[in-house]
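Start counting the sequence shown at 122; every next residue gets the next number (our numbering).
Ideal Cβ placement from N, Cα and C applies to all residues, glycine included.
Shown next, in structure tokens, is the structure this report addresses.
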Amino acid sequence: MYLLEQAIAGWKNWNISLSEKPEVERELLGGSTNRSFLAVSGLNKIVIRVNNQNNENLGFDRQREIKILALIESLNISPKIYFADNNVLVTDFIEGYQWTNKDFAIPLNKEKVSSVIDKIKNVKVPFFLERQKYSKYCQNYIKQLVATSNPKKNKFYDELMAVAVTLDSKVWSPVINHQDIVPGNLIEKDNQIFLIDWEYSAFGHPDIDLVRLYGLDYQSEFTKDLLFLQQGFDQLWGILRG
122 MYLLEQAIAG WKNWNISLSE KPEVERELLG GSTNRSFLAV SGLNKIVIRV NNQNNENLGF
182 DRQREIKILA LIESLNISPK IYFADNNVLV TDFIEGYQWT NKDFAIPLNK EKVSSVIDKI
242 KNVKVPFFLE RQKYSKYCQN YIKQLVATSN PKKNKFYDEL MAVAVTLDSK VWSPVINHQD
302 IVPGNLIEKD NQIFLIDWEY SAFGHPDIDL VRLYGLDYQS EFTKDLLFLQ QGFDQLWGIL
362 RG
């Protein structure tokens with residue numbers, strides 16, 4: 122793979138001191154969008170993610186992801202960046218226990234994740250960074266879908282768009298969101314929680330990650346709309362991927 126080889130060829134320019142050129146050990150399976158590889162250099166384990174090149178259609182902003190990872194780096198809850206551009210992301214490999222649905226359902230574990238979310242929310246967002254527009258994000262997905270005469274689907278699209286527009290019109294201050302808090306993106310190491318896969322991250326609504334975590338149990342005036350929005354985006358994503 123050319124982009125993988127190109128990334129490794131530039132290893133001396135990475136933000137980590139390595140004694141030798143990294144060698145790919147294996148591909149990391151489980152990702153649905155990109156391809157990731159585990160590389161080794163001495164005692165260092167490194168993840169090289171080769172990005173899906175269909176960024177715009179998938180709703181990804183790679184530069185925004187890089188900015189967010191840089192903003193939260195001091196929290197020590199995410200992979201450390203060694204190199205990044207629009208084609209690849211090179212980070213450290215967080216070697217720990219990857220959560221399952223069973224782990225995710227335990228109330229005490231939810232509290233651990235909630236604590237991490239609170240830390241992320243407290244990171245100051247620079248004023249010049251754009252607040253996420255959910256209607257734009259929604260429209261980007263819907264426009265790619267084949268026109269349908271199915272009235273139920275059309276009604277769903279209209280309802281989803283209406284909720285997105287409503288959320289955009291409300292007054293709220295953006296915070297850093299992960300936006301894909303699911304068991305597979307949670308790694309536990311030395312009794313600490315790490316969040317991986319930040320490609321959906323954005324400067325969005327302060328409740329959206331907590332609604333993903335708790336569902337309707339999270340008490341907020343925005344809970345129902347945010348949950349409907351998340352479930353709608355999940356459905357659109359599923360349709361696009363076939």
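Per-residue burial, residue i [other beta carbons within 10 Å of its own, 16 or more giving buried]
| i | result |
| --- | --- |
| T221 | exposed |
| Y218 | exposed |
| Y203 | buried |
| S253 | According to the sequence displayed, residue 253 carries Gln and not Ser. Under this definition Q253 is a buried residue. |
| I169 | buried |
| Y255 | buried |
| R333 | buried |
| S294 | exposed |
C-beta atoms of residue i and residue j nearer than 7 Å
| i | j | result |
| --- | --- | --- |
| I241 | I314 | no |
| G163 | S138 | no |
| F324 | V246 | yes |
| K223 | D213 | no |
| G161 | I193 | The sequence as given places Val at residue 161; Gly does not occur at that position. Contact: no. |
| I238 | D330 | yes |
| Q300 | S322 | yes |
| G353 | L281 | yes |
Residue(s) in a DSSP beta bridge with residue i
| i | result |
| --- | --- |
| T212 | V168 and I202 |
| S162 | N165 |
| N298 | A323 |
| K310 | Q313 |
Distance between beta carbons of residue j and residue i, contact taken as under 8 Å
| i | j | result |
| --- | --- | --- |
| N155 | V171 | 6 Å |
| I215 | I317 | 7 Å |
| F158 | L125 | 6 Å |
| N337 | L348 | As written in the sequence, residue 337 is Leu, which differs from the Asn given in the question. That belief holds up - the Cβ atoms of L337 and L348 are roughly 6 Å apart, short of 8 Å. |
Open item on the list: Quick test of the definition: if touching needs 3 or more C-beta pairs under 8 Å, does the region 276-287 touch the region 227-234?
Closed with: no
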